[in-house]
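K.L.:
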Amino acid sequence: MTWNELMQAIAPAVKIMWQGMAGIFVVMAAIALIVFLFTKIVKK
Amino acid sequence: MDFLLESFKAVTWQQGLMYVVGALLVYLAIAKQYEPSLLLPMGFGAILVNLPFSGVLNQEIEGIGEVQGIIEWLFHIGIEASEAMPLLLFIGIGAMIDFGPLLSNPKMFLFGAAAQFGIFFVVIIAVMMGFDLKDAASIGIIGAADGPTSILVSQVLKSNYIGPIAVAAYSYMALVPIIQPMAIKMVTTKKERQIRMPYNPQSVSKLLKILFPIIVTVIAGFVAPTSVALVGFLMFGNLLRECGILGSLTDTAQNVLANLVTLLLGITISFSMRAEEFVRVETLLIMLLGLVAFVFDSVAGVLFAKIINIFSKNKVNPMVGAAGISAFPMSARVIQKLGLEADNQNHLLMHAVGANVSGQIASVLAGGMILNLVPQLL
């Protein structure tokens, strides 16, 4: 298998990786931010 | 008298090998106490389903027609039809989790996210090794370190390797105390392992604990709709616990429901451990890839913590990043132990518990992401 063929074969998996990790980070960061803001607001 | 020997003559070497595999799982469960609640039923079930003409599988009987077998029926109803068993187990798991240490230290959410990297890394490796995308994704999800998620994702994607995936997921969860120290020591120095982290938790209101499962479900549901079953059932169990007025339902979810489903899930998943499905070269590859997923989860968590340390004044002990895998509470205990080994005054348990519990949410999200993304690329 040539390098180009290998890159083409793994392209969908690489897409799943970066979109999957980005999605997880976005959701977890959003939840963390909401929790952080909630604790600040409730304290006030 | 030939009929007495009919079954003995029908045994294949592959079935014989599965008797050994089943016995090994039972041994690991009883003698070594590796995830006994799953490995024992799986091991015994592996023996049951590999006996020739076994009555636990559907059989065509001359003069009578097809007779249903109980394990095959349980598999079709409890797993194949709607993934009911893993999802019901999630209610019980959600009812057992206390998200307090995580809510009092919100930055731990990110460590849970980072420690899912191994899943996606192994998807790429599996594709390079020749597995098709749905099987590669099902193998990668072993890295979620969560049995129900692994079973559910591999079933929804109709992977050809549900049996090896389930065995790998549960076996490596039990081996976290062996796998993680090795992975962590590869990428940390003793000085880094000695970093102390004072524990000053913010107080967590009851209102936040009640709203938290609802918020998580809604956000995850909008971002990855296919994760609603996974995340929703986990958070439903947690909401039962945190609402404070459904003590008997919480107790049932934590004990009766969790134990009942665990018991049935183990023996039901053994349906995918029939010799013709399990005894293949790919099974060994899957075991290896599952190990790679676990190692890279830990490594990614540690490296993420090191990146945070570049920008942060209050240093994080990098080992806490490794606690972001979903193997709760083993991983938190491993980090506590490694912390004390490096410095006998260094107590990392509560930080590690926060990251570990975050990993439970992140691993379920990872399963949802896989289910969302893979069908679009098939």
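So the protein sequences, as listed, match chains U and W.
Under numbering that gives the first Met the number 0, the letters of the first sequence match residues 0 to 43, in that order.
Under numbering that gives the first Met the number 0, the letters of the second sequence match residues 0 to 377, in that order.
No residue lacks a Cβ here, since even glycine has one placed at the ideal position from N, Cα and C.
Use the C-beta contact count for Thr216(W): other C-beta atoms within 10 angstroms, 16 or more gives buried, fewer gives exposed.
P.N.:
Working through the second sequence from its first residue, we reach residue 216(W) at position 217. Buried: at least 16 other Cβ atoms inside 10 Å.
K.L.:
What are the boundary residues of the beta strand (DSSP E) that Gly64(W) is part of?
P.N.:
Position 65 of the second sequence holds residue 64(W). Residue range 64-66 is occupied by the beta strand (DSSP E) that includes Gly64(W).
K.L.:
Sort Ile360(W), Ala83(W), Ala304(W) by Cα distance to Ile218(W) and report the nearest one.
P.N.:
On the second sequence, position 219 is the one that residue 218(W) refers to. Nearest C-alpha to Ile218(W): Ile360(W).
K.L.:
Three Cβ pairs or more, each shorter than 8 Å: is that satisfied between the stretch 173-190 of chain W and the stretch 153-163 of chain W?
P.N.:
no
K.L.:
Apart from the five residues just before and just after Leu288(W), which ones in its own chain have a Cβ nearer than 6 Å to its Cβ?
P.N.:
Looking up residue 288(W) in the second sequence gives position 289. If we look at Leu288(W) and ignore the five residues flanking it on each side, its Cβ neighbours are Val121, Ala125, Ile138.
K.L.:
Run through chain U and tell me which residues come within less than 7 Å of Ala112(W), C-beta to C-beta.
P.N.:
Along the second sequence, read from residue 1 onward, the residue named residue 112(W) stands at position 113. Residues of chain U passing the Cβ test: Ile23, Phe24, Met27.
K.L.:
Name the two residues that bound the continuous alpha helix (DSSP H) containing Gln375(W).
P.N.:
Taking the second sequence and counting its residues from 1, the one referred to as residue 375(W) is at position 376. 348-376 is the extent of the alpha helix (DSSP H) around Gln375(W).
K.L.:
Note down, in chain order, all residues in the stretch 90-117 of chain W with a beta-carbon under 7 Å from any beta-carbon belonging to chain U.
P.N.:
Leu102, Pro105, Lys106, Phe108, Leu109, Gly111, Ala112, Gln115, Phe116
K.L.:
Residues of chain W with CB under 8 Å from Met20(U), in chain order?
P.N.:
Residue 20(U) sits at position 21 when you count from the first residue of the first sequence. Within 8 Å Cβ-Cβ: Ala112, Gln115, Phe116, Phe119.
K.L.:
Would you mind stating whether Phe192(W) and Asn316(W) have Cβ atoms separated by less than 8 Å?
P.N.:
Taking the second sequence and counting its residues from 1, the one referred to as residue 192(W) is at position 193. Taking the second sequence and counting its residues from 1, the one referred to as residue 316(W) is at position 317. As written in the sequence, residue 192(W) is Arg, which differs from the Phe given in the question. Yes, the pair counts as a contact, with Cβ atoms nearer than the cut-off.
K.L.:
Select from Ala113(W), Ala274(W), Pro374(W) the residue whose C-alpha is nearest the C-alpha of Ala292(W).
P.N.:
Numbered from 1 along the second sequence, position 293 holds the residue referred to as residue 292(W). Minimum Cα distance to Ala292(W) is reached at Ala113(W).
K.L.:
Between which two residues does the alpha helix (DSSP H) holding Glu276(W) run?
P.N.:
What you label residue 276(W) is simply residue 277 of the second sequence in a count that begins at 1. Element bounds for Glu276(W): 274-277.
K.L.:
What number of angstroms, rounded off, separates the C-alpha of Thr247(W) from the C-alpha of Ala9(W)?
P.N.:
Here residue 247(W) is taken as the residue at index 248 of the second sequence, counted from 1. Here residue 9(W) is taken as the residue at index 10 of the second sequence, counted from 1. For the record, residue 247(W) in the displayed sequence is Ser; it is not Thr. Ser247(W) and Ala9(W): Cα-Cα distance of roughly 51 Å.
K.L.:
Counting only Cβ-Cβ distances shorter than 8 Å, please list the residues of the stretch 178-211 of chain W near chain U, keeping chain order.
P.N.:
Within the stretch 178-211 of chain W, the residues whose Cβ lies closer than 8 Å to some Cβ of chain U are Gln201, Val203, Ser204, Leu206, Leu207, Leu210, Phe211, listed in chain order.
K.L.:
Does DSSP classify Glu59(W) as helix, strand or coil?
P.N.:
Counted from its first residue, the second sequence places residue 59(W) at position 60. It is a strand residue.
K.L.:
Could you tell me the alpha carbon to alpha carbon distance between Asn355(W) and Gly62(W), rounded to whole angstroms?
P.N.:
Numbered from 1 along the second sequence, position 356 holds the residue referred to as residue 355(W). Numbered from 1 along the second sequence, position 63 holds the residue referred to as residue 62(W). Taking the straight line joining both Cα atoms gives about 56 Å.
K.L.:
Under 8 Å, do Ser158(W) and Val363(W) count as touching if we go by C-beta distance?
P.N.:
Within the second sequence, residue 158(W) is the residue found at index 159, counting from 1. Within the second sequence, residue 363(W) is the residue found at index 364, counting from 1. No, these two residues do not count as a Cβ contact at 8 Å.
K.L.:
Can you tell me whether Ala113(W) is helix, strand or coil according to DSSP?
P.N.:
Position 114 of the second sequence, counting from 1, holds the residue named residue 113(W). In this structure, Ala113(W) counts as helix in the three-state DSSP scheme.
K.L.:
Among Pro100(W), Val294(W), Ala322(W), Ala94(W), which has the Cα closest to the Cα of Gln253(W)?
P.N.:
Reading the second sequence from its first residue, position 254 is the one you call residue 253(W). Among Pro100(W), Val294(W), Ala322(W), Ala94(W), the Cα nearest to that of Gln253(W) is on Ala94(W).
K.L.:
Using a Cβ-Cβ cut-off of 6 Å (strictly less than) and excluding sequence neighbours within five positions of Ala28(W), which residues of its own chain qualify?
P.N.:
Reading the second sequence from its first residue, position 29 is the one you call residue 28(W). Cβ neighbours of Ala28(W) beyond the five flanking positions: Pro35, Leu38, Leu39.
K.L.:
Threshold first: 4 residues or longer. Then list the alpha helix (DSSP H) segments lying entirely within the stretch 69-102 of chain W, N to C.
P.N.:
Under the rule that a run must span 4 or more residues, the alpha helix (DSSP H) segments found entirely inside the stretch 69-102 of chain W read 69-74, 83-95, 99-102.
K.L.:
How should Leu206(W) be labelled, buried or exposed, when 16 other C-beta atoms within 10 angstroms of its C-beta is the threshold for buried?
P.N.:
Residue numbering aside, residue 206(W) sits at position 207 when the second sequence is read from its first letter. With fewer than 16 other Cβ atoms within 10 Å, it is exposed.
K.L.:
What three-state label does DSSP hand Thr251(W) in the structure shown?
P.N.:
Position 252 of the second sequence, counted from the first residue, corresponds to residue 251(W). In the structure shown, Thr251(W) sits in a helix (DSSP, three-state: H, G or I).
K.L.:
In or out: Gln375(W) buried (at least 16 other Cβ within 10 Å) or exposed?
P.N.:
Within the second sequence, the letter at position 376 stands for residue 375(W). So Gln375(W) counts as exposed.
K.L.:
Can you give me the C-alpha to C-alpha distance between Met381(W) and Asn371(W), rounded to a whole angstrom?
P.N.:
Since the first and last residues shown for chain W are 0 and 377, residue 381(W) lies out of range.
K.L.:
Give a yes or no on whether 8 Å exceeds the smallest Cβ distance from Ile40(U) to chain W.
P.N.:
As a first step, residue 40(U) must be located in the first sequence, where it is residue number 41. No, because no Cβ of chain W sits closer than 8 Å to the Cβ of Ile40(U).
K.L.:
Roughly how many angstroms separate the alpha carbons of Ile266(W) and Met286(W), rounded to a whole number?
P.N.:
Here residue 266(W) is taken as the residue at index 267 of the second sequence, counted from 1. Here residue 286(W) is taken as the residue at index 287 of the second sequence, counted from 1. C-alpha separation (whole angstroms): 20 Å.
K.L.:
Can we say the stretch 69-81 of chain W touches the stretch 292-309 of chain W, given the rule of at least three CB pairs closer than 8 Å?
P.N.:
no
K.L.:
Check the Cβ-Cβ distances between Ile218(W) and every residue of chain U, and say whether any is below 8 Å.
P.N.:
Residue 218(W) sits at position 219 when you count from the first residue of the second sequence. With a threshold of 8 Å between beta carbons, Ile218(W) makes contact with chain U.
K.L.:
Alpha carbon to alpha carbon, how far is Asn3(U) from Leu256(W)? Give it in angstroms, no decimals.
P.N.:
By 1-based counting over the second sequence, the position of residue 256(W) is 257. By 1-based counting over the first sequence, the position of residue 3(U) is 4. If you draw a straight line from the Cα of Leu256(W) to the Cα of Asn3(U), it comes to about 51 Å.
K.L.:
Could you check which residue in Val280(W), Ala322(W), Ile268(W) has the C-alpha nearest to that of Glu82(W)?
P.N.:
Counting from 1 along the second sequence, the entry for residue 82(W) is found at position 83. Closest by alpha carbon: Ile268(W).
K.L.:
Buried or exposed: where does Pro433(W) fall if 16 or more other Cβ atoms within 10 Å of its Cβ makes it buried?
P.N.:
Here chain W has residues from 0 to 377 only, and residue 433(W) is not among them.
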